[in-house]
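In the numbering used here, the protein residues as written are 5 to 292.
Contents: one structure, followed by commentary.
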């Protein structure tokens, strides 16, 4: 059963409360006994459910001896209205260390993404990620995100063929990346569907995005921009992205055709790269 009393920002708040309690070495039972709370109330706090009061959060953090800056940050999250549209700034240029994204990726049941300019972050090799992010960026946070793949019931990636043919880094970097995709497509719980070059990006979606579904609450759509990410869970937004996914399913190559294309590209059975698109970070602003 999907619950409607939890939102992306409240879930981040609940996760942050749990982290503060654990950092302080305080058990659930100790905190429940100290405040004479019911187990249900405590669970709602750390699950980020609606109805959490500012007084309860303040007392919780005070008992955990949380520093004032973190208290102010978390109370700021609590005070923000739940509109179904939540923007979170990145600490750098990319979302790889964004708490909201990591929380939702690690608790998701399924993941479906669309990328039109680059290989999806969760499928990138280290050398591809390094070439894409730039020489001064650390690819390790991005690679660490890939640990969620075996935990998902299903991961589906729609990738425009242009992203597979655009050379990022050296030819060897791109060849290794294509070989990894050819291996991943053989995973039982990983689907890769390719949108052919004959399909313009405008017919599908002009923006890359990821939709995450969960056992206990409604889906969330993540859209990454240059300096911030948007998390969408308003019903009208979810309906719109479901329509986009229907379009992607209709326009993409079938599972076997996509698989065969990936193997042909990885095996060098047809030219993979077209045009002068080699980059050593120049495309860093064009994708996740």
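We put the beta carbon where it would ideally sit given N, CA and C, even for glycine.
Every value quoted in this text rests on a predicted model; they were computed, and no experiment measured them.
beta-carbon residue i near the ligand MN non-hydrogen atom, thresh 8 Å
| i | result |
| --- | --- |
| residue 242 | The ligand MN is not part of this structure, which contains no ligands at all. |
C-beta atoms of residue i and residue j nearer than 9 Å
| i | j | result |
| --- | --- | --- |
| residue 127 | residue 188 | yes |
| residue 225 | residue 218 | no |
| residue 248 | residue 120 | no |
| residue 101 | residue 94 | yes |
| residue 89 | residue 221 | no |
| residue 116 | residue 202 | no |
| residue 207 | residue 251 | yes |
Under the three-state DSSP convention, the category residue i falls into
| i | result |
| --- | --- |
| residue 93 | strand |
| residue 283 | For residue 283, the predicted structure reports a pLDDT of 39, less than 50, and the residue's modelled location is therefore unreliable. The matter cannot be settled from this model. |
| residue 262 | helix |
| residue 290 | Confidence at residue 290 is low in this model, with a pLDDT of 33, below 50, so the placement of that residue should be treated as unreliable; the coordinate-derived value is given next. Here residue 290 sits in coil by DSSP. |
| residue 11 | coil |
| residue 100 | coil |
Straight-line Cα distance separating residue j from residue i
| i | j | result |
| --- | --- | --- |
| residue 140 | residue 233 | 22 Å |
| residue 109 | residue 23 | 17 Å |
| residue 113 | residue 195 | 15 Å |
| residue 199 | residue 20 | 39 Å |
| residue 57 | residue 137 | 41 Å |
| residue 179 | residue 107 | 32 Å |
| residue 177 | residue 183 | 10 Å |
| residue 122 | residue 192 | 23 Å |
| residue 229 | residue 40 | 44 Å |
Buried or exposed by the 16-neighbour rule on C-beta atoms within 10 Å, applied to residue i
| i | result |
| --- | --- |
| residue 52 | buried |
| residue 130 | exposed |
| residue 38 | exposed |
| residue 173 | buried |
Which full runs of the alpha helix (DSSP H) of 4+ residues lie inside the segment 196-238, going along the chain?
-> Listed in chain order, they are 205-208.
Could you pull out every unbroken beta strand (DSSP E) segment of at least 3 residues lying fully inside the segment 122-201, listed in chain order?
-> Uninterrupted beta strand (DSSP E) stretches at least 3 residues long and entirely within the segment 122-201 occur at 158-164 and 194-199, given in chain order.
Unbroken alpha helix (DSSP H) runs of length 4 or more, entirely within the segment 20-97: which are they?
-> Fully enclosed alpha helix (DSSP H) runs of 4 or longer: 32-39, 43-51, 58-67 and 72-83.
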